[in-house]
Amino acid sequence: MNPGTSGEECAAASLEADVAVIGGGVVGHGIAWEARRSGRSVVLIDEAPGSGASWAAAGMLAPVSELHYQEEGLLELMLESSAGWPEFAATLTAGEDAGYLTTPTLAVGADPADRRALMDLREVQRTHGLEVEPLTIREARSREPLLSPAISCALDIPADHQVDPRRLVRAIAAGLASRGQEIAAAKGYAVREHAAGLLWDGGRVCGVRLARGGSVRAAETVVANGLAAAQLQNLPEGLQLPLRPVYGDILRLRVPAHLQPLLTATVRGMVRGVPVYIVPRRDGTVVIGATQREDGVPGTSAGGVYQLLRDAQVLLPAVAELELLEATARARPGTPDNAPLLGRVPARGEGPRTDVAGLIIATGFFRHGVLLTPAAAVICRQLMDGITDPRWAAFRPGRFSPGLPDPVGAAVALSPAPG
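What follows is the structure in structure tokens.
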């Protein structure tokens, strides 16, 4: 039996909406925006919207560059979402600039071993029909004059773009706030509280219980609060959400006037086998990132900051002249196969397999949260509309829960993450 089976908690709800979204990062905001555009009323629940992993993210929309060995099962979803970004960005018409840019990406290597690694990856990318074209060093430096003349290779990746996640959250928030709703929530759409757990009415989820009392009753509840999803009370019986924190250090720097523009394209580099990227913004700043560590230390790593600055200067010596504005670390939610937990949850019980009504899980996006936001938003809206796309069955959130019925499409399951 599912927890909370009496309807009493729902009857005491202080707010009501068609959709309650737990989690105020880019993914949660994107899902809330798509739901609102579909005509549904929305309440988003987060103590500090946009302050988690989204605050630190560089915002690279890079399905080609982000193709990793043993993660090829993610590629179709990444390409689908990348193709949806222009339309998704165009819907944000409330006057806030989301920082969406279609400038290309350059992949560069520092030494011969890095060149071999990038060229080996190019063969995998080409096998999947992805466009990655070699450039001569002269061609690369004609496009980006401040690149080091000592780089070993350069490749043009025109399909990989960028968005500024901080601007994006503000733009979506402005859009949500500008669409009037008859809901007594801050700014018309957000409840700045911690979600304690799910509310149930019989066998369906009917909303969210708030930590400081009160609740939000909703026909659909979307769990999109990253690592905190696994700590929610009253999750469906048997559901396991094996999320792990993967910390990343990331830097923001200001480019002095005499060096602007430092870059016109995002540079993704390999330096002695270690990845580093440099993302230029239109406001004269750049983002340099990102380390990847699972040491459980939430603060910024001094060694990580040193590594990022050192490796970035190998590729772009002028980095030494920039002003360091910010060093940030956040935890990204990883899963055992590094793919998201996205979809409805199978209900336990005898007879034909059914899903828990009123509940959608959307977490575990790891490195790809910003890129996958349009696709996650559309998938969640389709599920609310009663539409299930079999292409995404491999990402169903019950795939790590032995006690739940096997998800449809389990035959296309993803490879486990290495290590």
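Each number in the working numbering corresponds to the 1-based position in the sequence shown with 1393 added. Even glycine gets a Cβ: it sits at the ideal position worked out from N, Cα and C. Values in this document were obtained by computation on a predicted structure and should not be read as measured data.
In summary, residue 1491 is buried, with 16 or more beta-carbon neighbours lying within 10 Å of its beta-carbon over all protein chains present. Assigned with DSSP and collapsed to three states, residue 1470 falls in helix.
The three-state reading of DSSP puts residue 1479 in helix, counting H, G and I together. Judged by DSSP in its simplified three-state form, residue 1642 adopts strand.
With a contact defined as Cβ atoms closer than 8 Å, residue 1489 and residue 1560 qualify at about 7 Å. As the crow flies, the alpha-carbon of residue 1767 is around 9 Å from that of residue 1473. Residue 1754 carries a strand assignment under DSSP once its states are collapsed to helix, strand and coil. Pairing residue 1615 with residue 1410 gives a Cβ-Cβ distance that is not under 8 Å. Membership of residue 1568 in the alpha helix (DSSP H) is indicated by the continuous run 1558 to 1571.
Comparing alpha-carbon positions, the option among 1545, 1690, 1683 and 1711 lying closest to residue 1699 turns out to be 1683. In the DSSP annotation of this structure, the continuous segment of the alpha helix (DSSP H) that includes residue 1699 starts and ends at 1695 to 1708.
Beta-bridge partners assigned by DSSP to residue 1670: 1661 and 1682. Proximity to residue 1692 across 1720, 1672, 1523 and 1707 peaks at 1720, based on C-alpha coordinates. In the DSSP annotation of this structure, the continuous segment of the alpha helix (DSSP H) that includes residue 1447 starts and ends at 1446 to 1449. In the DSSP assignment, residue 1626 is bridged to 1590. Counting only the Cα atoms, residue 1583 lies some 50 Å from residue 1542.
Under DSSP, residue 1614 takes part in a beta bridge, and its partners are 1413 and 1752. A contact is defined here as three or more CB-CB pairs under 8 Å, and the stretch 1625 to 1639 meets this definition with respect to the stretch 1755 to 1766. Cβ-Cβ distances below 8 Å link residue 1521 to 1460, 1465 and 1468 in the same chain, with the five nearest sequence neighbours on each side left out; the list follows chain order.
Taken through DSSP and simplified to helix, strand or coil, residue 1792 comes out as coil. Taking 8 Å as the cut-off, the beta carbon of residue 1739 is found closer than this to the beta carbon of residue 1798. Contact check between the stretch 1432 to 1451 and the stretch 1783 to 1795: fewer than three CB pairs, one atom from each, fall below 8 Å, which does not count as touching. Under DSSP, residue 1747 shares a beta bridge with no residue.
Following the DSSP letters along the chain, one finds residue 1516 inside the alpha helix (DSSP H) bounded by residues 1505 to 1520. Under DSSP, no beta-bridge partner is assigned to residue 1635. The criterion of a C-beta distance shorter than 8 Å is not satisfied by residue 1706 and residue 1695.
Cβ-Cβ separation between residue 1565 and residue 1761: approximately 18 Å, too far for a contact (criterion under 8 Å). Distance check between residue 1592 and each of 1611, 1544 and 1715 places 1611 closest, using alpha-carbon atoms only.
When rounded, the separation of the alpha-carbon atoms in residue 1780 and residue 1527 is 42 Å.
Fewer than three pairs of CB atoms, one per stretch, sit closer than 8 Å, so the stretch 1437 to 1447 makes no contact with the stretch 1644 to 1651.
With fewer than 16 neighbouring CB atoms inside 10 Å of its own CB, residue 1626 falls in the exposed class. About 19 Å separates the beta carbon of residue 1499 from that of residue 1557, a gap too long to meet the 8 Å contact definition. Counting the other CB atoms within 10 Å of its CB gives residue 1651 a total below 16, which places it among the exposed residues. Around the beta-carbon of residue 1595, fewer than 16 other beta-carbon atoms lie within 10 Å, marking it exposed. If you check the CB distance, residue 1708 and residue 1501 come in under 8 Å.
Following the DSSP letters along the chain, one finds residue 1776 inside the alpha helix (DSSP H) bounded by residues 1766 to 1777.
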